[in-house]
Amino acid sequence: MPTVTWARVDPARRAAIVEAAEAEFGAHGFSNGSLNVIARRARVAKGSLFQYFADKRDLYAFITDIASQRVRAYMEELIGKLDPNRPFFEFLTDLLDGWVAYYAEHPRERALHAAITLEVDTEARISVRSVSNRHYLEVLRPLIHAAQTRGDLRGDCDTDVLLSLLLMIFPHLALAPYMRGLDPVLGLDEPTPEQPALAVRRLVAVLSAAFAPLSAPIRSEEVT
């Protein structure tokens, strides 16, 4: 996270650094991302970056947090519009549809999400995934808890497993429809316009079969 000096930097300069870092890390990730390029694009001295951040990994984690906050704000607004108090798996279907649509319309966030999710440097991956996972968990865990309280989940189900599966499904659906090679099974490698929605419904059907009360009918919604 930034040093105290960062808070005293002119807002326009801060914005330029963030924009340059998002572009560079989104395009090249941590390992190949260049502080020289970031400094040049932001029109600041490279040395000044180390006045604001402890090191390159610290800057990467900060950029991850900023991007995650933008995505989270959008999704929390969407959650409110979708009414999270209705049956959980119907709600989850619509939420995942909105998630896929968001990344279709926001290539910068998609590039950063790919860089974070697919980061090859172990220490950098730990740093940035801990940031992004925190945002995921702070949004998803209360939804799952509320669903179980309402009786939308089996009383004996392992909600940690459900949460873990969602931590895999959300990043996958953010990227697979737009990055070839990530999904050879659900038709997302070369998707037709309706394929992501079909994949969402197949995934949610499996989750519902595993975690919904046994007496609850499992609906298979058609994509129109």
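When you line the sequence shown up against UniProt numbering, it's residues 1 to 224, in that order. Using N, Cα and C, we set each Cβ at its ideal position, and we do this for glycine too. As the structure is a prediction and not an experimental result, all values here were calculated from the model.
Here the alpha carbon of Phe-50 sits roughly 15 Å from the alpha carbon of Arg-13.
Restricting attention to Ile-144, Ala-16, Ile-17, Met-179, the CA atom closest to the CA of Ala-111 is found in Met-179. Within the model, the alpha-carbon separation for Leu-59 versus Ala-73 is close to 21 Å.
The C-alpha of Arg-108 is placed about 11 Å away from the C-alpha of Val-71.
Distance from the CA atom of Arg-57 to the CA atom of Arg-141, rounded to whole angstroms, is 28 Å. The straight-line gap separating the alpha-carbon atoms of Ile-17 and Phe-25 is approximately 12 Å.
The region 194–203 makes no contact with the region 119–132: fewer than 3 CB pairs, one atom from each, lie closer than 8 Å. Excluding sequence positions up to five before and after Arg-43, its CB lies within less than 8 Å of the CB of Ala-16, all in the same chain and listed in chain order. Distance from the Cα of Ala-114 is smallest, within the candidate group Glu-19, Thr-5, Ala-176, Met-1, for Ala-176. Under the Cβ criterion (8 Å, minimum of three pairs), the region 73–86 does not count as touching the region 26–41. Taken in chain order, the whole alpha helix (DSSP H) runs of length 4 or more contained in the region 12–49 are 35–42. Contact check for Ala-39 against Lys-46 passes: the beta carbons are separated by less than 7 Å.
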